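These notes are about the structure you will find just below.
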Amino acid sequence: MQGTEREVTMLRDVLLSHNIMTERCFSTCITKFRQNKLTDEESSCIDTCVGRYMNFNQRLMSSFFEQQQARMKAIAEEQNAQVPPQPEIVQKT
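Read in full-length UniProt numbering, the sequence shown has 68 at position 68, and its numbers run on one by one without any break.
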């Protein structure tokens, strides 16, 4: 069940990110509603806006994963440092 909840949360995050990008790019690039089709200027603006947003999102996620890996490594090292060394078992022959 927990995996399904995580997937739903991830889907919500993706949809929210998509909606934010769509709203920002639309409100920035589409200023007039005189034609059914996008003008060349509007189309270029949308391409640039979406490209920038995707590049930013990619850099953000890359940074997040790097920090997450560093945290996990630090936690693992801390846990290894807390484990007392096991005494050696000496067998008599």
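Glycine included, every Cβ here is placed at the ideal spot set by N, Cα and C.
All values derive from a computational prediction rather than experimental measurement.
Pair within 7 Å by beta-carbon distance, residue i and residue j
i	j	result
Ile30	Glu41	no
Tyr53	Met10	no
Cys25	Val50	yes
Closest by C-alpha distance to residue i, when choosing among the options
i	options	result
Thr28	Val14, Asp47, Gln68, Ser17	Asp47
Leu60	Ser17, Arg6, Thr4, Gly3	Ser17
Residues of its chain near residue i, where Cβ-Cβ distance is below 6 Å and the 5 sequence neighbours each way are ignored
i	result
Ala76	none
Cys45	Cys29
Check: residue i C-beta below 6 Å from any heavy atom of the ligand ZN
i	result
Gln86	As far as ligands go, the structure on display features none, and thus does not contain the ligand ZN.
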